[in-house]
Every structure is written in structure tokens, then in C-alpha cells.
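**Student:** Below is the structure I would like to discuss, written out as C-alpha cells.
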Amino acid sequence: MSDTNLLQIDNLACIRDDRVLFEHLNLLLAAGQMLLVEGANGSGKTSLLRILTGLKLADEGEVLWQGKPIDQLAADYTEQVSYVGHHDGVKRELSCLENLRLVQAMGKPSGVELDDALDRFGLYRYGDTLVSNLSAGQKRRLALSRLIVTESQLWILDEPFTSLDKNSMAGFERMFEQHLAEQGVIVMTSHHDIGMVNADIQRLDLSQ
Amino acid sequence: MFLWFHKLGSPPHFYRIAGNWLPWLGTIFLLLLVAGVYGGLVLAPPDYQQGDSYRIIFIHVPSAWMSLFIYMVMAACGVVILVWRMKIAEIVLISSAPIGASFTFLALATGSLWGKPMWGTWWVWDARLTSELILLFLYLGVIGLHGAIEDKRVATRAIAILAIVGMVNIPIIHYSVEWWNSLHQGATVTKFDKPSIHWSMLIPLLLMALAFQVYYLLALFQSCRAELLQRERNSKWVEELIAK
Amino acid sequence: MTRLSLSQAFIYLLRRDLTLAFRNRAEFANPLLFFIMVVTLFPLAIGAVPELLARIAPGIIWVAALLAAMLSLESIFRSDFDDGSLDQLLMSAHPMPLLVLAKVCAHWLVTGFPLLIISPILAEMLGMPQQAQGVLFLTILIGTPVLSLVGSIGVALTVGLPKGGIILSILVLPLYVPVLIFAASAIEAAAGGLDVSAQIYMLLAFLFLALSLSPVAAAAALKISMS
Numbered sequence: 001m002s003d004t005n006l007l008q009i010d011n012l013a014c015i016r017d018d019r020v021l022f023e024h025l026n027l028l029l030a031a032g033q034m035l036l037v038e039g040a041n042g043s044g045k046t047s048l049l050r051i052l053t054g055l056k057l058a059d060e061g062e063v064l065w066q067g068k069p070i071d072q073l074a075a076d077y078t079e080q081v082s083y084v085g086h087h088d089g090v091k092r093e094l095s096c097l098e099n100l101r102l103v104q105a106m107g108k109p110s111g112v113e114l115d116d117a118l119d120r121f122g123l124y125r126y127g128d129t130l131v132s133n134l135s136a137g138q139k140r141r142l143a144l145s146r147l148i149v150t151e152s153q154l155w156i157l158d159e160p161f162t163s164l165d166k167n168s169m170a171g172f173e174r175m176f177e178q179h180l181a182e183q184g185v186i187v188m189t190s191h192h193d194i195g196m197v198n199a200d201i202q203r204l205d206l207s208q
Numbered sequence: 209m210f211l212w213f214h215k216l217g218s219p220p221h222f223y224r225i226a227g228n229w230l231p232w233l234g235t236i237f238l239l240l241l242v243a244g245v246y247g248g249l250v251l252a253p254p255d256y257q258q259g260d261s262y263r264i265i266f267i268h269v270p271s272a273w274m275s276l277f278i279y280m281v282m283a284a285c286g287v288v289i290l291v292w293r294m295k296i297a298e299i300v301l302i303s304s305a306p307i308g309a310s311f312t313f314l315a316l317a318t319g320s321l322w323g324k325p326m327w328g329t330w331w332v333w334d335a336r337l338t339s340e341l342i343l344l345f346l347y348l349g350v351i352g353l354h355g356a357i358e359d360k361r362v363a364t365r366a367i368a369i370l371a372i373v374g375m376v377n378i379p380i381i382h383y384s385v386e387w388w389n390s391l392h393q394g395a396t397v398t399k400f401d402k403p404s405i406h407w408s409m410l411i412p413l414l415l416m417a418l419a420f421q422v423y424y425l426l427a428l429f430q431s432c433r434a435e436l437l438q439r440e441r442n443s444k445w446v447e448e449l450i451a452k
Numbered sequence: 453m454t455r456l457s458l459s460q461a462f463i464y465l466l467r468r469d470l471t472l473a474f475r476n477r478a479e480f481a482n483p484l485l486f487f488i489m490v491v492t493l494f495p496l497a498i499g500a501v502p503e504l505l506a507r508i509a510p511g512i513i514w515v516a517a518l519l520a521a522m523l524s525l526e527s528i529f530r531s532d533f534d535d536g537s538l539d540q541l542l543m544s545a546h547p548m549p550l551l552v553l554a555k556v557c558a559h560w561l562v563t564g565f566p567l568l569i570i571s572p573i574l575a576e577m578l579g580m581p582q583q584a585q586g587v588l589f590l591t592i593l594i595g596t597p598v599l600s601l602v603g604s605i606g607v608a609l610t611v612g613l614p615k616g617g618i619i620l621s622i623l624v625l626p627l628y629v630p631v632l633i634f635a636a637s638a639i640e641a642a643a644g645g646l647d648v649s650a651q652i653y654m655l656l657a658f659l660f661l662a663l664s665l666s667p668v669a670a671a672a673a674l675k676i677s678m679s
């Protein structure tokens, strides 16, 4: 694992209505590391993740990627990020394959064949099925499959394991470990217990 | 000088400086208003065509000028907000909107009052009045959008864009409405046009315009201070202020 | 693998939106039906006096087109907002104004183009003279894309707001006035046998202005609305 700090959070603050969700947040994340954000509901986990994606503006401080502020990097930064939020980010009226083709069209495609990607997540048979006919768990798996059809170093995941059963969860945890082993970075929130014992995990609790 | 301007950008300083200016602004406004009204109602001679009922222009025209001027200020604030994210610009933008809308409404009302004795109707689809009406909708749009968005930081940035888009459109709308009016009016001169204005009417007009400008600053500063207190109610300088 | 070129990404998103619209056919028929209904209401309201109807036909059709366009604006970003796709588009490797332009093009093809096809029929029903009908077609061809483009800024500002539709009308109608003025005037002039080049040039100017500026403004507005 290299020592280069890829993601730096510098004096970050977020205020919603009158409440300070968090302030004076400082963090360094290197390649191969994972940040697990914990905290009660409403403690600002989703806001923090959205600030890291660049979708939301922080009230104070900045986020740096490889030393440069992400609002300056703009598309150069977001190209290297894959984000799976609360919503699945897939179109109900499109099939699984059509959705994955769209993901590749909008980002930087990896060399993975779409059928192989679907197969890995148990969706091979549903390639041409419309998403509206899938179960919640299957939709979530499709949402997460965007992580391997595009090349991105930073994965930002907000409650990725919602609607998933234990087997699927375990499969994804293996996938995350592999990503970290390949010098990737993951920022994640989850209220499930994470069974990734081999990984280099920093924990951040926003509840104080 | 530059340092003073920079200081103005900081909330507690703006609050204090604006507060100091208020009594001066109030006095100057009253002086200008009295001078303008006296000049317009008493000193200026009656119009050879319209008699005494033309005198409403001393309120109507400055109001119309202010309605346009304030929108330009809002658009300028919009640019400052999007490029430099200055908090004071956000406050000025949202505080100016109701003031601008009021001036627009005043222009419309006085225009209507002018129309009644002149042409017997409360409303004419004149180019200027129609443009003012559309300008009123633009103002109401800004106020409405700000009110509809819950997160007020997002709201001010949204109306910054709206103000800029509106500003770009105002000349287009103005020209379009004038063109439209010229089609259906035929050869008659636009009703609110004055060929050339005598200095005895021009001076009170300018005095009133200046008075309205000062009033804008007065109302703006008062409104900004209130808005500033509201927004920064959790910060130290406000708490110290309340403690005093 | 390298990412798609700008034009490829544009076409891809355009085709995606057209596919989505096609699979949601019923929803997209509404603006067209609304357009026809509004035009039908006028003879019912003011009496089927042929000369009167023919005289105000340009205005009726264009006001109806305006309202139908406004009604359809929500669909540009609503679905993407609801399922999280809008976040993904904002994080795309491609410039957002380009993606917005693709979506607006798709929107016009689905909502504005049908109005174009049906307008000669409605014009005939209102008794519009033949020489004016050609100009009507031209104004709708040039004007409705402007409505979609300018409207997209309004929707971008109100996406996700609970009562977004009402605010949207107030925001967008003042911006639609110039198009309405020149379009209706062009058709009237054509009905009277006069030259319409001035009006058409103005409409074209609006179109080019909207094409260059609206996607940028709408993209900026989306970023702000989603933050």
C-alpha cells in the first residue's frame, strides 16, 4: 500500500437549518484505505458523502483530491468517483443492460463485459428485464454494479447494503476488499456490521 | 478606501455602518422628498396639453426608473454571489426584491391613475405599462422562488441565477413589447412619451428620482440589518449585540 | 477504455430520453391533448363566428402552445430527480450543459414536435387563411424549441420543489412573452399578405440565443438545486 494521501478533508463544516451537523472535520485517506462513517440518523452522514462527491457545497473548509480542491478539478475529479446514494440511480423503464450501457456512456468505461458484470451480481438472467420488474434487492445490486463497469478510484457509498441479504452483502464486501487491494479508496456509511477484517478501515463517528 | 469597502463585506461591520447611516439617510430623503414634491406640485407650471393631472409623473417616472435600477442591482448581486459567494450580496439581493416589487407596483398604480382622467380607462396596454407589468412578474418570481426553497442558502443561489436570467431578458422583453405596441398603436405617439421636457419640470423629477434612490438605500439598510440578524443569530457578534 | 466523445455522449443521452418517453407513451400524450382542448375551448367560449375566430386564431394557437409547453416542462428532469439519475448525470465525465441540451432536444422532439404536426389541422378548424398557415408552421418550428430551452432553466430551478409547477409558471411566462409577440405577429402579418421576415429573424435570433445560453444557465441551476 502506498503512502500517498489521495483524499484530504480540511476543516469541513456543514450546517443545516440551525444545527451544526459537523465542523472542524479533518481527515486523510490514502490509497487502499476505507473510511467508514458512522452516526445516528440525521447526524450528517449523507451530507458529508454528498460534499465529498462535489454535489453539495460545504459551509466551511474544503475537500482535496491529490492535493487539489475538488471544485477546481470539477469533471477531472468526478470522473474518478463512483457514487451510489440512497436512490439506486437506475431508470425503471430501461432494462439492466440498457442501464449499464448508460453508466458506461456517461463515465469512463472499464474493460468489464456487461454480461459478466450482471453475472457477478446474479442478474445475468435479467439482462433484458425492465428494472421495474426487479425486486428491491435486485435493483440495489444493479445500482452497485456500476462500480465495476466504470473505472473509478474513489467509491462513495451511502448505505449500499439496503435491501440486500447476507450472501449478497458478503459478496460485495469481497468486492470492496479487492478494490482496496487495487489501490482504490472507499468512503461508506452503513448501519450493518461490516465483516471486512482484512481491510485498513478508518472510522468516523459523526454523533458527537 | 478599498479597505473600507472590504470591511463592508463583513456582517458585523455592515450592520454597524448601515445603522450609523440610517438617521442621515432618513433626513436626506425627507429633504429631497419635500423639495421634489413642492417643485412638482407647486412650482412646475401646468402642462399645456394635460393640465394639472400630468403631475403624477413626478411619482410615476421615478418609480419606473427605480424598478429597473433595483433589478439591475439584484442581477449584479447575483453575479457577485455566484462568483465570489459574498454573504452581504446575498442579503442585499433578497432584501432588494420586495422593495423593487413595491416600486414596480407603484409605477403601475400611478400609471393607472394617470390613465383615468386622461383616457377614461384605468388600464391601457401601453408599451411601458405592459413592460412594467411583466417586470412585476419577474420580481414576484424571484420572491416566490426564494420562499419556495427551504434551504435558504440554496434559495439565494437559485434566485441569483434567476436575477441574472431575468436581467438578460429585460431588454428583449422591453424591445418586444415596444414593437408589439407600435404595431397596434399605429402612428400615434406613445401615450407616456414627452417630446422634450422643460427644466422646471425636469428638476423636480430629478429631485424625486434622487429621493427615491435614498429611500431605497434607507429601506434596504433597514431590511438588510434585520435579515442579517436573522441569518447570523447563532454567531458571536449577534449574541454580544443582544447582551449589550 | 476511453470515455465517449462529446457528440457520442450527446446522442446517447438523447436516445435514452427518447426511449424512456416511448416507454411512457401515455404520459407524453397529455400536453398534446391539452393543446387541442384549449384551442377547442375558444370557439365554445366566444361563439363560432368565422371572421372573429380567423382573426384571433394566431393568438389562440400560440397561447395554447405556450401553455402546453409549460405543462410538459416538468417531465424534463422530474423522473431523473426521483430515481437519483440526476445526481449521476451531474457527476458524469461529460459537461453538464451538453447533457442538458441532449435532454431538452429529446423533450422538444416528444412534446413540441407533435404540436407542430397538429397545428395545421387546428389552424384549419379556426379558419386561418392558407398563406398564414405556412407561417404558423414556421413559427411553431422555430418557437417551440425556444420554449423548451428557456423553460428548462425554470424547471432546473424548481426541480424537486413540492409545489414546483405553480412557481414554474410565474418564472417562465415572462420569459415566453417575446416569442409569443413575434410569432403571433408574424402569422397575423402573413394573413394580411405582409412581409414577415423581421419577425422570423427575431425568432431565429431567440433560438440561437437560447441554444447557446440556456443549457449553461440550466446546468448551473441544476447544480444549485441539487446541492
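From first to last, the protein sequence lines stand for chains R, W and H. For the first sequence, the residue numbers in my numbering are 1 to 208. For the second sequence, the residue numbers in my numbering are 209 to 452. For the third sequence, the residue numbers in my numbering are 453 to 679. Even for Gly, the Cβ is constructed at its ideal location relative to N, Cα and C. The structure displayed is predicted, hence computed values, not measured ones.
Can at least three beta-carbon pairs, one atom from the stretch 147-160 of chain R and one from the stretch 103-119 of chain R, be found at a separation below 8 angstroms?
**Tutor:** Cβ pair count under 8 angstroms is three or more, so yes.
**Student:** Return the residues of the stretch 466-478 of chain H that lie within a Cβ-Cβ distance of less than 8 angstroms from chain R, sorted by chain order.
**Tutor:** Within the stretch 466-478 of chain H, the qualifying residues are 468, 471, 472, 475, 476.
**Student:** Can you list the alpha helix (DSSP H) stretches of 4 or more residues lying completely in the stretch 485-572 of chain H, in chain order?
**Tutor:** Runs found: 502-525, 530-535, 537-542, 548-559.
**Student:** Give me the Cα-Cα distance between residue 553(H) and residue 94(R), rounded to the nearest whole angstrom.
**Tutor:** Residue 553(H) and residue 94(R): Cα-Cα distance of roughly 21 angstroms.
**Student:** Distance, Cα to Cα, residue 325(W) vs residue 667(H)?
**Tutor:** If you take the alpha carbons of residue 325(W) and residue 667(H), they lie about 48 angstroms apart.
**Student:** Rounded to the nearest angstrom, how far is the Cβ of residue 29(R) from that of residue 7(R), given a contact under 8 angstroms?
**Tutor:** That belief holds up - the Cβ atoms of residue 29(R) and residue 7(R) are roughly 4 angstroms apart, short of 8 angstroms.
**Student:** From what residue to what residue does the beta strand (DSSP E) around residue 61(R) run?
**Tutor:** Per DSSP, residue 61(R) belongs to the beta strand (DSSP E) from 60-65.
**Student:** Nearest CA to the CA of residue 74(R): which residue from 61(R), 59(R), 85(R), 54(R)?
**Tutor:** Of the candidates 61(R), 59(R), 85(R), 54(R), the one whose C-alpha sits nearest the C-alpha of residue 74(R) is 54(R).
**Student:** For residue 180(R), which residues in the same chain have their Cβ closer than 8 angstroms to its Cβ, ignoring the five residues on either side in sequence?
**Tutor:** Answer for residue 180(R): 32, 33, 34, 186, 199, 200, listed in chain order.
**Student:** For residue 563(H), collect the residues of the same chain with a Cβ closer than 6 angstroms to its Cβ; drop the 5 residues on either side in sequence, then sort them by chain order.
**Tutor:** Cβ within range, chain order: 483, 524.
**Student:** Would a C-beta distance cut-off of 8 angstroms place residue 551(H) and residue 465(H) closer than the cut-off?
**Tutor:** Taking 8 angstroms as the Cβ cut-off, residue 551(H) and residue 465(H) qualify as a contacting pair.
**Student:** With which residues is residue 150(R) paired in a DSSP beta bridge?
**Tutor:** DSSP, once it has assigned bridges, lists 109(R) as partnering residue 150(R).
**Student:** Should residue 71(R) be flagged as near chain W, meaning a C-beta pair shorter than 8 angstroms?
**Tutor:** By this cut-off, residue 71(R) is not an interface position.
**Student:** Is residue 51(R) buried or exposed, if buried means 16 or more other CB atoms sit within 10 Å of its CB?
**Tutor:** Buried, because 16 or more other Cβ atoms sit within 10 Å of the Cβ of residue 51(R).
**Student:** Apart from the five residues on each side of it in sequence, which residues of its chain come closer than 6 angstroms, Cβ to Cβ, to residue 455(H)?
**Tutor:** The residues are 545.
**Student:** Which value, in whole angstroms, describes the spacing of the CA atoms of residue 527(H) and residue 559(H)?
**Tutor:** Whole-angstrom Cα-Cα distance: 8 angstroms.
**Student:** In chain H, which residues lie with their C-beta within 9 angstroms of the C-beta of residue 370(W)?
**Tutor:** Under the 9 angstroms cutoff, chain H gives 605, 606, 609, 623, 673.
**Student:** Take residue 566(H) and list the residues in its own chain whose beta-carbon comes closer than 6 angstroms to its own, dropping the five residues that flank it on each side.
**Tutor:** Closer than 6 angstroms at Cβ, skipping near neighbours: 484.
**Student:** Counting pairs of beta carbons, one from the stretch 629-649 of chain H and one from the stretch 611-620 of chain H, are three or more of them closer than 8 angstroms?
**Tutor:** Because the criterion of three Cβ pairs below 8 angstroms is not met, the stretch 629-649 of chain H and the stretch 611-620 of chain H do not touch.
**Student:** Can you pull the chain R neighbours of residue 461(H), defined as C-beta to C-beta under 9 angstroms?
**Tutor:** Simply 105, 106.
**Student:** Which first and last residues belong to the alpha helix (DSSP H) in which residue 435(W) is found?
**Tutor:** Looking at the DSSP string, the run of the alpha helix (DSSP H) that includes residue 435(W) is 407-439.
**Student:** By a C-beta neighbour count over all protein chains shown, 10 Å radius and 16 as the cutoff for buried, is residue 191(R) buried or exposed?
**Tutor:** Classification of residue 191(R): exposed, given that the 10 Å Cβ count is below 16.
**Student:** Who are the neighbours of residue 506(H) on chain W, taking C-beta pairs under 9 angstroms?
**Tutor:** Result: empty, since nearest Cβ-Cβ is about 18 angstroms, beyond 9 angstroms.
**Student:** Check the Cβ-Cβ distances between residue 10(R) and every residue of chain W, and say whether any is below 8 angstroms.
**Tutor:** So, not an interface residue.
**Student:** Using a Cβ cut-off of 7 angstroms, pull out every chain R residue sitting near residue 442(W), in sequence order please.
**Tutor:** By Cβ distance, chain R contributes 18.
**Student:** Is it the case that the Cβ atoms of residue 622(H) and residue 352(W) are separated by a distance below 8 angstroms?
**Tutor:** Closer than 8 angstroms, so yes.
**Student:** Secondary structure at residue 34(R), three-state DSSP: helix, strand or coil?
**Tutor:** Note: residue 34(R) maps to strand in three-state DSSP.
**Student:** For the stretch 308-319 of chain W against the stretch 251-269 of chain W, are there 3 or more C-beta pairs whose distance is under 8 angstroms?
**Tutor:** The stretch 308-319 of chain W vs the stretch 251-269 of chain W: in contact.
**Student:** Specify, as a first and last residue, the run of the beta strand (DSSP E) that residue 206(R) falls within.
**Tutor:** Neither: residue 206(R) is in no beta strand (DSSP E) and is coded neither H nor E.
**Student:** Enumerate in chain order the residues of its own chain whose CB-to-CB distance from residue 177(R) is below 8 angstroms, with the five nearest sequence positions on each side excluded.
**Tutor:** Result list for residue 177(R): 196, 198, 199, in chain order.
**Student:** Give me the subset of the stretch 334-366 of chain W whose CB atoms are less than 7 angstroms from a CB atom of chain H, sorted by chain position.
**Tutor:** Taking 7 angstroms as the Cβ-Cβ cut-off against chain H, the residues of the stretch 334-366 of chain W that qualify are 342, 345, 346, 348, 349, 352, 353, 356, 357, 362, 365, 366.
**Student:** Are residue 579(H) and residue 505(H) close, meaning C-beta to C-beta below 8 angstroms?
**Tutor:** In contact: residue 579(H) and residue 505(H) (Cβ atoms closer than 8 angstroms).
**Student:** Checking contacts by CB at 8 angstroms: is residue 291(W) closer than that to chain H?
**Tutor:** For residue 291(W), the answer is no, since every Cβ of chain H falls outside 8 angstroms of its Cβ.
**Student:** Since residue 216(W) contacts residue 225(W) with CB under 8 angstroms, what's their CB separation in whole angstroms?
**Tutor:** Correct: roughly 6 angstroms between the Cβ atoms.
**Student:** Residue 157(R) and residue 84(R): beta carbons closer than 8 angstroms?
**Tutor:** Yes, they are a contact pair.
**Student:** Please go through the same chain and pick out, in chain order, the residues whose beta-carbon is closer than 6 angstroms to the beta-carbon of residue 367(W), but skip the five residues on each side of it.
**Tutor:** Once the five neighbours on either side are set aside, the close Cβ partners of residue 367(W) are 350, 353, 354.
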